[in-house]
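Inspection log for the structure reproduced underneath, given as structure tokens.
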Amino acid sequence: MSKAVYIHIPFCKTICSYCDFCKVFYFPKWSHEYLIKLKEEIEDAYLGEEISTIYIGGGTPSSLSLKELEYLLHLTKIFKTTPSLEFTFECNIEDINEDFLKVLKKYHVNRLSIGIQSFIERNQILLGREHTFEDAKNKMKLLRQYGFQNVNLDLIYAIPKETMKDLKKDLELFLKLKPDHISTYSLIIEDHTILKRNRINPISEELDREMYDYLSKTLKKKKYIHYEVSNYALKGKESRHNLTYWNNEEYYGFGLSSSGYMDGVRYTNTKNILKYLNGNRKGESEILSIQDQMENEVMLGLRKLKGISLEDFEKKYQIPFEKAFPLKPLLKNKELQVKKGYVFIPEDKIYIMNEILAKMI
Amino acid sequence: MDSKNIRNFSIIAHIDHGKSTLADRILEITGAVSEREMVDQVLDSMDLERERGITIKLNAVSLNYTYQNEEFLLNLIDTPGHVDFSYEVSRSLAACEGALLIVDATQGIEAQTLANLYLAMSNDLTIIPVINKIDLPNALVPKVKEELKKVLGFKEEEILLCSGKTGEGVKELLDAIVERIPCPKKMDDKPLKALIFDSYFDSYKGVVGLIKVEEGILKKKDIIYMMGSKSSYEVTELFVHTPKECKKDSLKSGEVGYFAAAIKDISTVQVGDTITLQNEKALEPIHGYQPMKPMVYSGIFPIEPNKYEALKEAFQKLKLNDAALSIEPENSDALGFGFRVGFLGLLHMDIITTRIEREFGLSVITTSPSVIYKVLLTNGETIEVDSPNKMPDSVKISKIEEPYIYTNIIVPSLYIGSIMDLCQNKRGIYKSLEYIDDTRVNIHYEIPLSEIVYDFFDKLKSYTKGYASLDYEICGYKESQLVKMNILLNGEVVDALSIIVHKDFAYQRGKKIVEKLRTLIPRGLFQIPIQAQIGSKVIARETIPAMRKNVLAKCYGGDVTRKRKLLEKQKEGKKKMKQIGNVEVPKEAFLSILSEE
């Protein structure tokens, strides 16, 4: 079976207040050395399987210089890819320009994921981001000219002090840009973030939910399919790479702090940049039992609104779903539903799915 | 050793007056514990005791002391200081001829000091008044001396001064024990009579009893006969604590020590029983003491229903050295099978539940404590009710009486007004007030015991910045306008949350309880109404809104393991809750009824 590849570029030119991903300030001496170590890692670990999706994320991969970018993308030539390869590159809107797009095009990148987050000024100040709608509009126009047909925009909502009015305005602007895919994240104030340090309080649970329902309802009207808790796509534009995760399938993780899942082992590389640059990339790893694997299948699979295929589940684990998990009481309470061979959480309960998962695993 | 060289004594003191520190110093000076072995508060052997700085269980230690070139054996019998444990105090005093009365030089006489002193005096013990902590800069020795003279009638020359911390005056104290406390009466030649005043279970030795030999001699391998439980055993071991265990071949009259007899059945060793010899029985048992009756009753239930048997066993073991504990099975619709347990007071209840959780690893739910009500039925019969759920239907009741206590509240006179306010709000009846000296008073009220159970201690502390001390005794029953209040979750009565409350306070209490439950019960998948109800009338209502969000917003490749752990943590949290119908109730909710905050 074909596999997925994730490559992490930890460098950023500015650090966003909400980000708890593994990141470091962009610093040419490090980024140069980093790419060399990344090459070593890929050459060491890649076993030559067919690769159907590649995702370069961060950090901010677009913070690299053009020369570094060429070097990085050239590395991906090692992968034996399927003809339908989905190749995603994460970028900041301000990093997009013609030279940048030319390089991406040259190496067959065919999907862009852009972290816009919000156009509302107060939100931008709080998140530590800065860009105008006009700029975004021009950049979208440019990348469409370069033939990028699959573009995701990230939107963050439930930002402290945000009102429903703000969100409505924000979504309206996002929709004007006609993205193929929208990832909407309710802001979580994670530990080790600037927001947490500044003791920013989250908005109420009620408003958060109201915003979620508004997004889902409005995007549906605009023909976006709500296919995962936080993700919406036009038909055929679902992120195949991210579906690998939610289908509990295997993938490589390359680079600082990257996680992978291979042969029933989940591993994570070191989060320490100095160790990584010294070629000491090993982090933690965990061998999953069959029970763990089945439970992960549920935790991840039920994030998809379509749910889990009962037939595929039984084929994979040699046990019917209803024998592995208490299906009946959950069906009775309408916390799960079964339709057309799929078990799923109904859309009105997907936003409280942990409550349901806690009863299953 | 000849009984004329034995002194049996205990130390009575209010909490924090430095009793355990002083006991430590005595152990050190008599060489019972070398400095190297010295852990703070040697006698408080339970972790719980050291942690809370209180003594719960009594303990006996035998010490060697040389006085004017003569060897003496001093048996120190430790006592608890809290009002809940005055029963333990009376047990230990029964085995002594004298007691040290410790008063903190910075605090003066407190309510507990008085209560225990009266107990000691009624046991005809010789009392040595000691002012402790004289090393502290804020010590008020002359003032405390005056109190001891004026309130308790001691003479100036009787009063000793010492510091458990520095050791100053401790030697003089030991001398005074030898000089003033009478030796136990020597009656080795009489038939054996020994009083069991404490016991515990040891997994190797079986039941171990702490005894004082009043008459005769108890030897190893003697066949003993317990006069109360009418059972016989062969003594396998005799020992004393110095505080290390030290084996003995015999215990003579006047001596205090421990015995084991390979006893497995814990019910045959009853505290207060008299031991004699099978072949040479004493004619009459030692005049025993009335075991103290429990004052408050609570339901205790295992969170996991299959732990009922384990809980039963735990109670049996605890009861062995806690004669005041009363236990009977109880069945609750909401909580399943458990026990109705009688306690001496709230601290006692807290200690027992903590021990069950720590020593036996059981997770339990404790329901709101109730006092014993006397209910006169319309058919003329009177019944005792120790649980709201046993209260008969109101149409069958002609009147309800509840227990009242008589208080000693000792407090700086500055707070007289606050105390009176508090007691009035607790349905107290003012009795009298005495000045201990120019600045402190002892206030006497009669207050329903149920009001003491309900956050009285907390209020007392906050009203007086911690300066008040309280002691009380039951003074009888009085009629009250009481009603049963039910709490409904999601429309269903939860029997474990029902309480009995005074009619005039019902509305206010009901409102506070439902408000508190609203904050304690987590949101669930559905909205949950909480109601307080008297008869069929709802007097207060709150609603817990349905859960709106509980999701891992993002979950990509790098997050899987971490998110999985988060989910497992969430699941662990659920295990600590009790599922009642569709509602998950955290165990704190069942006791929330106890306090207003």
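Sequence lines, in order, name chains X and U. With our numbering as the guide, the letters of the first sequence map in order to residues 1 to 361. With our numbering as the guide, the letters of the second sequence map in order to residues 362 to 958. No residue lacks a Cβ here, since even glycine has one placed at the ideal position from N, Cα and C.
Under 7 Å by beta carbon: chain X residues contacting residue i
i	result
Gln-869(U)	In chain order: nothing, as chain X lies at least about 30 Å away.
Beta-carbon neighbours of residue i, restricted to chain X and to distances below 8 Å
i	result
Arg-909(U)	Glu-205, Glu-206, Asp-208, Arg-209, Tyr-351 and Ile-352
Val-962(U)	A question about residue 962(U) goes unanswered here, because the residues of chain U that appear run from 362 up to 958.
Simplified DSSP assignment, three categories, for residue i
i	result
Thr-922(U)	helix
Ile-361(X)	coil
Thr-728(U)	coil
Met-1(X)	coil
Cys-523(U)	coil
Asp-747(U)	coil
Asp-610(U)	coil
His-241(X)	helix
Lys-511(U)	helix
Pro-773(U)	strand
Close beta carbons around residue i, own chain, < 6 Å, minus the five adjacent residues each side
i	result
Ile-661(U)	Gly-699, Phe-700, Val-702, Val-725 and Thr-727
Gly-414(U)	Any reading at Gly-414(U) is ruled out, since the residue's pLDDT is 47, under 50, leaving its predicted position unreliable.
Met-262(X)	Glu-250
Leu-274(X)	none
Asn-740(U)	none
Residue nearest to residue i in terms of C-alpha spacing, selected from the options
i	options	result
Arg-788(U)	Val-772(U), Tyr-765(U) and Ile-777(U)	Tyr-765(U)
His-241(X)	Cys-836(U), Gly-918(U) and Lys-930(U)	Gly-918(U)
Lys-654(U)	Lys-668(U), Ile-627(U) and Ile-688(U)	Ile-688(U)
Tyr-317(X)	Lys-332(X), Tyr-185(X), Lys-306(X) and Val-298(X)	Val-298(X)
Glu-130(X)	Leu-175(X), Lys-3(X), Ile-51(X) and Ile-116(X)	Ile-116(X)
Lys-839(U)	Met-752(U), Ser-755(U) and Leu-737(U)	Leu-737(U)
Lys-864(U)	Val-855(U), Glu-933(U) and Val-844(U)	Val-844(U)
Val-732(U)	His-709(U), Ile-777(U), Val-657(U) and Asn-803(U)	Val-657(U)
Asp-170(X)	Asp-180(X), Leu-155(X) and Lys-161(X)	Leu-155(X)
Leu-513(U)	Gly-528(U), Met-482(U), Asn-499(U) and Lys-494(U)	Met-482(U)
Val-946(U)	Ile-520(U), Lys-932(U) and Gly-885(U)	Gly-885(U)
Gln-869(U)	Gln-888(U), Val-854(U) and Met-846(U)	Met-846(U)
Leu-437(U)	Tyr-428(U), Gln-429(U), Val-422(U) and Thr-427(U)	Val-422(U)
Phe-25(X)	Lys-221(X), Leu-64(X) and Ile-7(X)	Leu-64(X)
Thr-714(U)	Leu-696(U), Tyr-734(U), Leu-679(U) and Glu-595(U)	Leu-679(U)
Ala-374(U)	Ala-950(U), Lys-608(U), Gln-677(U) and Val-491(U)	Val-491(U)
Contacts that residue i makes with chain X (C-beta to C-beta distance below 9 Å)
i	result
Val-921(U)	Tyr-245, Asn-248, Ser-259, Tyr-261, Arg-266, Asn-296, Met-299 and Leu-300
Leu-886(U)	Asn-333, Glu-335, Lys-349, Ile-352, Glu-355 and Ile-356
Partner residues on chain U for residue i, Cβ-Cβ distance less than 8 Å
i	result
Ala-358(X)	Leu-928, Gln-931, Lys-932 and Lys-935
Gly-253(X)	Gly-918 and Gly-919
Alpha-carbon to alpha-carbon, residue j and residue i
i	j	result
Arg-397(U)	Glu-812(U)	In this prediction, Arg-397(U) has a pLDDT of 48, which is less than 50 and means its spatial position is unreliable; what the coordinates show is noted afterwards. Near 48 Å, if we compare the C-alpha coordinates of Glu-812(U) and Arg-397(U).
Pro-773(U)	Tyr-828(U)	7 Å
Glu-41(X)	Gln-293(X)	26 Å
Val-568(U)	Ser-628(U)	10 Å
Gly-942(U)	Asn-851(U)	8 Å
Leu-775(U)	Thr-800(U)	8 Å
Glu-86(X)	Ser-239(X)	8 Å
Lys-605(U)	Thr-382(U)	18 Å
Glu-321(U)	Ser-759(U)	Given that chain U is displayed from residue 362 to residue 958, the structure contains no residue 321(U) and the question cannot be resolved.
Lys-80(X)	Met-353(X)	38 Å
His-378(U)	Leu-501(U)	14 Å
Phe-119(X)	Glu-134(X)	10 Å
Asp-550(U)	Ala-643(U)	12 Å
Phe-470(U)	Ser-793(U)	Here residue 470(U) turns out to be Ile, not Phe, going by the sequence shown. Their backbone Cα atoms lie some 18 Å apart in a straight line.
Contacting residues, own chain, Cβ-Cβ under 7 Å from residue i (five flanking each side not counted)
i	result
Lys-235(X)	Ile-225
Asn-484(U)	Leu-454 and Ala-455
Pro-61(X)	Ile-9, Phe-89, Glu-90 and Cys-91
Cut-off 8 Å between Cβ atoms - residues of its own chain near residue i, not counting five sequence neighbours on either side
i	result
Leu-357(X)	Val-298, Met-299 and Leu-302
Asp-782(U)	Tyr-824
Contacts of residue i in chain U (Cβ-Cβ under 7 Å)
i	result
Tyr-185(X)	Ala-914 and Lys-915
Ile-188(X)	Ala-914
Glu-286(X)	Thr-922
Arg-303(X)	Cys-916
Tyr-6(X)	Gly-918
Within chain U, partners of residue i - CB distance below 9 Å
i	result
Asn-242(X)	Tyr-917 and Gly-918
Ile-391(X)	Given a span of 1 to 361 for chain X in the structure shown, any question on residue 391(X) remains unanswerable.
Ile-361(X)	Arg-925, Leu-928, Glu-929 and Lys-932
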